[in-house]
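Note sheet for the following structure.
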Amino acid sequence: MTSTKEADRQLDAQLLVRIASGDEVAFGALYDRFSPGLYSFILKMVRDEKEAEDVLQEGFAHIWRRASTYDPARSSAFTWAVMILRNKAIDRLRVRQRIERTMEKATVEFSHFAEADEVSAGEAERREDGALVRSALKEIPEEQKQAVELAFFGGLTHEQIAEKLGAPLGTIKARIRRGLLKLRDFLKEAA
Amino acid sequence: MIDEHQQDLASEYALGALDAGTIRAFEAELAANPELRALTGELREAAAALAHTAPRKLPPPELRQRILSEIRAEAAASKPASSAPVRSGGFGILPWALAAGFAVSTAAFWYERNELQKEAASLLTETQDLRGRDALARVRIATLAAQVDAYSKATAVIVWDPQNQRGIVKLANLPRAEAGKDYQLWVIDPKYPNPVNGGILPVGEDGIARVAFTPDQPVKKVAKFAISVEPAGGVPKATGPIVMIGD
Numbered sequence: 001m002t003s004t005k006e007a008d009r010q011l012d013a014q015l016l017v018r019i020a021s022g023d024e025v026a027f028g029a030l031y032d033r034f035s036p037g038l039y040s041f042i043l044k045m046v047r048d049e050k051e052a053e054d055v056l057q058e059g060f061a062h063i064w065r066r067a068s069t070y071d072p073a074r075s076s077a078f079t080w081a082v083m084i085l086r087n088k089a090i091d092r093l094r095v096r097q098r099i100e101r102t103m104e105k106a107t108v109e110f111s112h113f114a115e116a117d118e119v120s121a122g123e124a125e126r127r128e129d130g131a132l133v134r135s136a137l138k139e140i141p142e143e144q145k146q147a148v149e150l151a152f153f154g155g156l157t158h159e160q161i162a163e164k165l166g167a168p169l170g171t172i173k174a175r176i177r178r179g180l181l182k183l184r185d186f187l188k189e190a191a
Numbered sequence: 001m002i003d004e005h006q007q008d009l010a011s012e013y014a015l016g017a018l019d020a021g022t023i024r025a026f027e028a029e030l031a032a033n034p035e036l037r038a039l040t041g042e043l044r045e046a047a048a049a050l051a052h053t054a055p056r057k058l059p060p061p062e063l064r065q066r067i068l069s070e071i072r073a074e075a076a077a078s079k080p081a082s083s084a085p086v087r088s089g090g091f092g093i094l095p096w097a098l099a100a101g102f103a104v105s106t107a108a109f110w111y112e113r114n115e116l117q118k119e120a121a122s123l124l125t126e127t128q129d130l131r132g133r134d135a136l137a138r139v140r141i142a143t144l145a146a147q148v149d150a151y152s153k154a155t156a157v158i159v160w161d162p163q164n165q166r167g168i169v170k171l172a173n174l175p176r177a178e179a180g181k182d183y184q185l186w187v188i189d190p191k192y193p194n195p196v197n198g199g200i201l202p203v204g205e206d207g208i209a210r211v212a213f214t215p216d217q218p219v220k221k222v223a224k225f226a227i228s229v230e231p232a233g234g235v236p237k238a239t240g241p242i243v244m245i246g247d
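Chains as they are written, first to last, in this note's numbering: chain A, 1 to 191; chain B, 1 to 247.
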């Protein structure tokens, strides 16, 4: 890991320690550091700006309340935050699925949520981390990448992915395992 | 040595895809296996790194203040337990205001045993369940109560999705509208001086209707839904008697 990244990681962890003791200034600083990346990521998951804002708000409120449970030995602060917000986004996606079913039950068909506009993908490459992960994903076979992204951004279970892609569950598990391992290897090498 | 099955579990754990029972078993294994713990941590970092690939978009600047206000309120432990009661007035038409008041007294209407009410209850239960999980604050289920005797056996249930500004009305046991008349749906939003038109509700010979609607003006907050009898084809502004209302 580069010294800059390690310093960033330590700073984030220190901010969480301060947040755990009720330091609002530290909370604001962490928000400024994390919110652009987290908001972009959540928006990609839920594809709705208002909902992404709600998830970001819920997620940061959770971080405020649970900062004391963060364990730097288990993950970086950013990874910890990503997983918190991702879980909240998945809750929303599942509720949305239930709402859609409820609506359908009332015999009306609605148009699906519009696909998010991804024309700004190049912007992500301005960020070192984004560019790095994108490069890594290019090295991963398409079918593995697809399965990993469906799991991560779509919040789908492996069973749901198998059903969606019409592939056996064992195959999907293998694709996700291999895809994640390759991504891990690439990121380790780059670090 | 970590076998493929353990790698599968580590991958699923990193992606939050394991069920609660398997998580407990896997975490017990993690506690006893440093190599597996290290792998799982790395896979978790790798998965979270995918977040960086999302197209860059900044949150609105005011969101920061909103979040800070929320945590300050929490810190001060002064967050109110519940929101203010819904205001039903403000649309300036006396009969509508009176009808809105009467709606409260007809809550017992819920308990009528017919198919539509059961479905409404089921929808409500589902909604409450979702709300209980702090995952839903949007979809609203409204049951409308009769305002005149002729509609005492009628039922009306509305599922409303405010974010997408769309809803569904389900009606049963409605008397046939008089010749030259239609039922029309209204959404009462305190923001507007008059009820917002939700469109006409064509009711079949059997007194049943299922109608999707989108109000003809953006609705910010629904105080009530109402059904009135209007000239055939509907009118832009409510004129006829309200036959059902509720929230």
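We put the beta carbon where it would ideally sit given N, CA and C, even for glycine. Keep in mind it's a predicted model, so treat the numbers as computed, not measured.
Residue i (DSSP reduced to helix, strand or coil)
i       : result
K153(B) : coil
P36(A)  : helix
A238(B) : coil
V159(B) : strand
R64(B)  : helix
Q10(A)  : helix
V169(B) : strand
M244(B) : strand
Q184(B) : strand
I141(B) : strand
A31(B)  : helix
A52(A)  : helix
A76(B)  : coil
A179(B) : coil
A17(B)  : coil
A146(B) : strand
K182(A) : helix
K57(B)  : coil
F152(A) : helix
C-alpha distance - residue i paired with residue j, whole-angstrom precision
i       : j       : result
V17(A)  : T4(A)   : 20 Å
S40(A)  : R175(A) : 26 Å
E189(A) : V133(A) : 12 Å
Q57(A)  : I200(B) : 39 Å
V157(B) : D48(A)  : 27 Å
G246(B) : I208(B) : 18 Å
E70(B)  : V222(B) : 25 Å
I140(A) : R56(B)  : 22 Å
L180(A) : E62(B)  : 36 Å
L85(A)  : G166(A) : 29 Å
E45(B)  : S76(A)  : 8 Å
For residue i, the nearest candidate out of the options (CA to CA)
i       : options                           : result
P60(B)  : D54(A), R65(A), H62(A)            : D54(A)
V211(B) : A25(B), V229(B), L171(B)          : L171(B)
L15(B)  : R134(A), F78(A), A29(A), N87(A)   : N87(A)
L93(A)  : M45(A), G22(A), E6(A)             : M45(A)
L9(B)   : N33(B), P34(B), A32(B), T40(B)    : T40(B)
A73(A)  : V82(A), K182(A), Q10(A), F153(A)  : Q10(A)
Q165(B) : P218(B), P190(B), G204(B)         : P218(B)
M83(A)  : L58(B), L50(B), W186(B), K57(B)   : L50(B)
R176(B) : K153(B), D216(B), E4(B)           : K153(B)
L183(A) : A162(A), E142(A), E24(A)          : E142(A)
G240(B) : R72(B), E29(B), G180(B)           : G180(B)
I257(B) : G198(B), L30(B), D216(B), K220(B) : Since the first residue shown for chain B is 1 and the last is 247, residue 257(B) is missing from the structure and cannot be characterised.
D8(A)   : D129(A), K138(A), K50(A)          : D129(A)
S21(A)  : K50(A), S68(A), F186(A)           : S68(A)
I19(A)  : Q146(A), A61(A), L43(A)           : A61(A)
R64(B)  : A147(A), V25(A), I161(A), K164(A) : V25(A)
Q144(A) : K237(B), Q163(B), V229(B), A47(B) : A47(B)
Buried versus exposed call for residue i [16 or more other C-beta atoms within 10 Å across all chains shown]
i       : result
V159(B) : buried
H52(B)  : buried
V148(B) : exposed
Q95(A)  : It should be noted that the sequence gives Val, not Gln, for residue 95(A). Per the 10 Å Cβ criterion, buried.
R24(B)  : exposed
T155(B) : buried
H158(A) : buried
M1(B)   : exposed
P231(B) : exposed
A191(A) : exposed
L58(B)  : exposed
C-beta neighbour in chain D for residue i, strict 8 Å
i      : result
K57(B) : Reference to chain D is not applicable here, since the protein chains of this structure are A and B.
Subject >> Secondary structure, beta strand (DSSP E): runs of 3+ residues fully inside the stretch 187-233 of chain B >> reply: 196-201, 209-213, 224-231
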